[in-house]
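A short write-up of the structure that comes next.
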Amino acid sequence: MTSSRLRQGLIFLALVAALAGAWAAIWRAGATRLNNELTAAISRMEARGARAACEDASVAGFPFAMEINCSAGAYARDLDGVALKSGPLVSGWSLAAPLTVTAEFDGPARVEAPGLVPLDLEWTALAGSIGLWYPRPSGASVNGSAIVATTDADAAVFSVDAADGRARVSGADVAIALDLTGVRFAADYAGGYDFPPTALRLRAVAADGASRLLRRKPSLRGAKIAIEELELAAETGAGLRLSGAVAIDDAGVANGELTLNLDKPEAVAALIKSGPPENVSSGETALNLLVAMQSPPGAGVKLRLDKGQAFLGFLPLGFLPPLP
């Protein structure tokens, strides 16, 4: 009996050792292929006029995960002049969630784009994930905390206490959710206004967005977007809410009807008074007119987009440039 149990134990240990060896071989093969795929993906980007880099790339995570580690990352597109640089990053998946690819980014980062001041970014935490499915991803998310943007001269531009963005694919549509809290803009980059910490909340659905937003070059052209909720809420109680539908034609021109609501107009008035003195009078006039147009009080004002031109009620506001 003892000899039989010993043989069974040895067979079990041998089987475990064989499985462990097989899994190690499979993992090493997968790591090699992942490294080769990374190199091939960078080459494909270069063929399309983009440049990408993953410095000191290595694959780690054995035995229960597979991760690509980069000591620094970079991406640039010659076509539109967009350039991104980041610190160390880790991206991969684990056996616990095999259909989810995650990524974690360490600062600092630098963002450059035409028409924008180059920005240096720092954060406490920044991570993202993509849900894998066929024929396209099932969704994506990104979240971060204590995000701070500064210029080359170390001048503060904006900061965000917490950010949480999510996109979920439902058939051909994409549902988008974005929450930002503790948003602060420096007065020099906010038209001279002293904005209090503000929260932003967005809930929208892009019809047929899966094929438009998840392509190699995302585009809003031809999309129909239902804005269920777009809200800006300051700590003082001043707020703005927008909802409605917008259609964007193939030339990027927007058409649609939206409803605009103000929360605590008296708090909005205090915000207007914090701005440049030369803008206070015109700002107060516009606010009073907007409040008067809400009939009955709190009903909201119609904001109309007609071939790219915006109208607030019957008042023309100007043109919205074509969207990409």
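The number in our numbering is simply the position in the sequence shown, starting from 1, with 116 added. The beta carbon of each residue, even a glycine, is placed where N, CA and C say it ideally should be.
Go through its chain and collect everything with a Cβ distance to residue i's Cβ below 8 Å, but skip five positions before and after it.
i      : result
PHE435 : GLY424, GLN425 and ALA426
PRO253 : ILE246, GLY247, VAL285 and LEU330
GLY223 : SER202, GLY203, LEU237, GLU238, TRP239 and LEU242
ILE158 : ALA168, ALA169 and CYS170
Please check the pair residue i and residue j, which I expect to be a contact at CB under 8 Å, by giving their CB distance rounded to whole angstroms.
i      : j      : result
LEU336 : LEU358 : Contact flag wrong, Cβ pair sits at about 17 Å.
PRO230 : ASP196 : 7 Å
PRO251 : GLY368 : Actually they are not in contact, since the Cβ atoms of PRO251 and GLY368 sit about 27 Å apart, beyond 8 Å.
GLY272 : PHE311 : Residue identity differs from the one stated: residue 272 is Ala in this sequence, not Gly. Contact doesn't hold; Cβ gap of about 13 Å is too wide.
GLY244 : ALA262 : With 8 Å as the limit, GLY244 and ALA262 do not qualify as a contact, their Cβ atoms being about 16 Å apart.
TYR309 : ALA303 : 6 Å
ASP289 : ALA339 : Incorrect: roughly 10 Å between the Cβ atoms, too far for contact.
If we ignore side chains and look at the alpha-carbon of each, how far apart do residue i and residue j end up?
i      : j      : result
LYS441 : GLY260 : Absent from the structure is residue 441, since the part of the chain shown begins at 117 and ends at 440.
GLU220 : GLY281 : 15 Å
VAL264 : LEU129 : 54 Å
ASP422 : PRO437 : 12 Å
LEU294 : LEU433 : 27 Å
GLY287 : ILE127 : 50 Å
ALA225 : ALA190 : 9 Å
GLY325 : ILE364 : 12 Å
CYS170 : VAL217 : 17 Å
VAL362 : PHE180 : 46 Å
GLU183 : ASP277 : 28 Å
GLU228 : ALA199 : 5 Å
ASP268 : ALA306 : 18 Å
LEU131 : ALA176 : 25 Å
TRP143 : LEU215 : 17 Å
LEU431 : GLY165 : 44 Å
LEU419 : ASN371 : 11 Å
ALA188 : LYS380 : 46 Å
ARG149 : ARG193 : 26 Å
THR401 : SER327 : 44 Å
LEU406 : GLU162 : 51 Å
ASN395 : PRO334 : 38 Å
GLN124 : PHE178 : 29 Å
MET117 : ALA136 : Residue confidence for MET117 is low, a pLDDT of 49 falling below 50, so the modelled location carries little weight and cannot support an answer.
ALA138 : GLY208 : 21 Å
LEU356 : ARG317 : 11 Å
ALA147 : ARG121 : 38 Å
GLU153 : ARG160 : 10 Å
Identify, in the order they occur along the chain, each residue of the same chain with its Cβ nearer than 7 Å to the Cβ of residue i, setting aside the five sequence neighbours on each side.
i      : result
ALA320 : ILE292, ILE341, ALA342, ILE343 and GLU344
MET409 : VAL417 and GLY429
ASN186 : The sequence given here has Cys at residue 186, not Asn. Closer than 7 Å at the Cβ level, and outside the excluded window around CYS186, lie CYS170, GLU171, ASP172, ALA173, PRO204 and LEU205.
LEU403 : PRO381, VAL384, ALA385 and ILE388
DSSP on residue i, reduced to helix/strand/coil?
i      : result
TRP90  : In this structure the chain extends from 117 to 440, so residue 90 is not present and cannot be described.
LEU131 : helix
ASP236 : strand
VAL217 : strand
VAL396 : helix
ARG406 : First, the residue type needs correcting, since residue 406 is Leu and not Arg in the sequence shown. Helix at LEU406.
ARG420 : strand
THR352 : coil
PRO432 : strand
ASP289 : strand
THR148 : helix
GLY325 : helix
SER335 : coil
THR267 : coil
LEU154 : helix
SER254 : coil
ARG164 : coil
ALA383 : helix
ALA169 : strand
ALA283 : strand
ALA262 : strand
GLY303 : A small fix is needed here, since residue 303 is Ala in this sequence, not Gly. Helix, per DSSP.
Below 6 Å CB to CB, which residues in the same chain sit around residue i once its five sequence neighbours on both sides are set aside?
i      : result
SER275 : VAL264 and ARG300
TRP249 : none
ALA212 : none
THR297 : ASP277, ALA278 and ALA315
LEU387 : ALA354
ALA383 : THR352, GLY353 and ALA354
ASN151 : VAL175
GLY399 : ILE388
Using a Cβ-Cβ distance under 9 Å, would residue i count as near chain D?
i      : result
ASP324 : Looking at the structure shown, chain D is missing, and only one protein chain is on hand.
Can you pull the DSSP bridge partners for residue i?
i      : result
THR297 : ALA278
ARG317 : ASP295 and GLU347
ILE388 : None; ILE388 has no bridge partner.
SER202 : GLY189
SER174 : ASN185
THR401 : Looking at the DSSP assignment, THR401 forms no beta bridge with any residue, so it has no partner.
LEU358 : LEU346 and LEU376
GLN124 : Note: GLN124 sits in no beta bridge, so no partner.
GLY227 : One detail in the question is off: residue 227 reads as Val in this sequence, not Gly. Paired residues: LEU200 and LEU235.
LEU103 : Nothing about residue 103 can be read from this structure; the chain reaches only from 117 to 440.
GLY247 : THR216 and GLY255
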